[in-house]
Amino acid sequence: MSTIRDVAKYADVSIATVSRILSGDANYKATEKTRKRVKDAAAALNYSYKRRLPKVQAKNICCILSMTAEKYADPYFSSILSALESRLLEHNCIITTVRNYSELSNPQKLDLTFGRDLDGLVIMDDLPEDAFRYVCSRVRYVVGCDTAYGNLDNIGFDLFNASVQAVRHLIDRGYRKIAYVGGANLKDFRSDKRQIAIRSTLELAGLEYRPEWMLDCKWDIGVCLNDVRGLLSMPAEDRPDAIFVGNDTLASAVLPLIKEMGLTVPQDVAVIGFNNDSISSYTFPGLTTISVPVQEMGKTTADVLYSRICGDTGMVRNIVFPTELVIRSST
5 MSTIRDVAKY ADVSIATVSR ILSGDANYKA TEKTRKRVKD AAAALNYSYK
55 RRLPKVQAKN ICCILSMTAE KYADPYFSSI LSALESRLLE HNCIITTVRN
105 YSELSNPQKL DLTFGRDLDG LVIMDDLPED AFRYVCSRVR YVVGCDTAYG
155 NLDNIGFDLF NASVQAVRHL IDRGYRKIAY VGGANLKDFR SDKRQIAIRS
205 TLELAGLEYR PEWMLDCKWD IGVCLNDVRG LLSMPAEDRP DAIFVGNDTL
255 ASAVLPLIKE MGLTVPQDVA VIGFNNDSIS SYTFPGLTTI SVPVQEMGKT
305 TADVLYSRIC GDTGMVRNIV FPTELVIRSS T
């Protein structure tokens, strides 16, 4: 593997010259001929220059997770948090506080959280407008992870296309009567991206979109199971033949309920989840799901926040990771 020393020798310049030219140092005076020679040498040697961010004193980071009270119970958020924390430690940054909005609505906890210096903040859920304005006024460097804020750096995935992928898979497998059970956090349930994706995909396929089969369980397992029981208690000709469940935690609870009701998966009703949590490969039958790259999202969120703390003043970044359909035996 080529080094910066090799490039300098190939171009017949100093290591400092290579570093300053490849880093795009605007203050460095060099002729166009020298710049071209250095860049050509780097290309010839297949050398990739990586700008080293300056080491900073240990920084205190706050993280705001989901709106739910069970902030550590959701594998989606906990997996991102784990990757985020691990990468931040590499950057000498420490997550000192983890909150959800329910906790921040308590004035005492709000003062406790933001009444001291915080160097950075990661928001992992959309907040009410007043809460968003407040936290941004108290912390200079704020990065979103799977949020919809256009004025913040955001690292996430395309929820709309991922939902289309799920519904398209069910249609391709021959299912025609598709229901959905999930939630939408702060958003209006009917205007959530999943809902829009489901409706548009069904309509494009010439299939009926039935609003009464789109059920908002608010991510509550008990409500979800009651909703599914109601759907599947209808006569065979009137009930859905496939259920898209908003996350794998809910879907893994739906599978045994279907068996309890005397039905089989996927013969009587197919089930597809979302997130590809570790539990999805241990259910019976194995759960078909959409894999979201939570580890990469957490690490990249940490890298972007750290670069801002180090002085990066570039344009707002919107980094969108791809998702993947993982097919198992529930569809």
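In the numbering used here, the protein residues as written are 5 to 335.
Where is the CB? At the ideal position from N, CA and C, for every residue including glycine.
Let me make sure I understand the geometry here. Which of A255, I159, L309 has the alpha-carbon closest to that of I98? L309
Under the three-state DSSP convention, the category N158 falls into: strand
Using DSSP with H/G/I as helix, E/B as strand and the rest coil, what is F248? strand
Spatial neighbours of Q169 within its chain, please: CB distance less than 8 angstroms, with the 5 preceding and 5 following residues excluded, ordered by chain position. I294, T327, L329
Leaving aside the five residues before and after D196 along the sequence, list all residues of the same chain whose C-beta is less than 6 angstroms from its C-beta, in chain order. A188
Compare the Cα-Cα distances from K263 to each of N64, S311, F288 and report the closest residue. F288
If you follow the beta strand (DSSP E) that K63 is part of, which residue opens it and which one closes it? 63-68
Could you pull the DSSP bridge partners for Y184 from this structure? M218, F248
Can the beta-carbon of F161 be found closer than 9 angstroms to that of V258? no
C-alpha distance - L336 paired with S285, whole-angstrom precision: Absent from the structure is residue 336, since the part of the chain shown begins at 5 and ends at 335.
Would you identify the three-state DSSP class for A73, choosing helix, strand or coil? Per-residue confidence for A73 stands at a pLDDT of 48, beneath the threshold of 50, marking its modelled position as unreliable; the derived number appears in the next sentence. A73: coil per DSSP, three-state reduction.
Buried or exposed: V324, going by 16 or more other Cβ atoms within 10 Å of its Cβ? exposed
Provide the residue span of the beta strand (DSSP E) that contains I323, from first to last. 322-325
On a CA-only basis, which of D157, C66, I200, L211 is nearest F164? Give me that one, please. I200
Nearest to V232 by CA position, among T100, W217, P239, is which residue? W217
Alpha helix (DSSP H) runs wholly inside the region 195-241, at least 4 long, in chain order: 197-208, 225-236
Considering only their Cβ atoms, is the gap separating R180 from L156 smaller than 9 angstroms? no
P96 by DSSP, collapsed to three states: which one? Note that residue 96 is Asn in the sequence shown, not Pro. DSSP places N96 in coil when its eight states are reduced to three.
Can you name, in chain order, every residue of its own chain whose Cβ lies under 7 angstroms from the Cβ of D307, other than the five neighbours on each side? R91
Those runs of the beta strand (DSSP E) which lie wholly inside the region 99-169 and span at least 3 residues: 124-127, 146-149, 157-161
Spatial distance of T205 from R177 (CA atoms): 14 angstroms
Going by C-alpha to C-alpha distance, which of Y153, G318, T100 sits closest to F136? Y153
Cβ neighbour criterion (16 or more within 10 Å) applied to M128: buried
If you draw a straight line from the C-alpha of D252 to the C-alpha of V126, how long is it? 24 angstroms
Quick one: Cα of I202 to Cα of Y213, how far? 8 angstroms
If you draw a straight line from the C-alpha of H173 to the C-alpha of R198, how long is it? 15 angstroms
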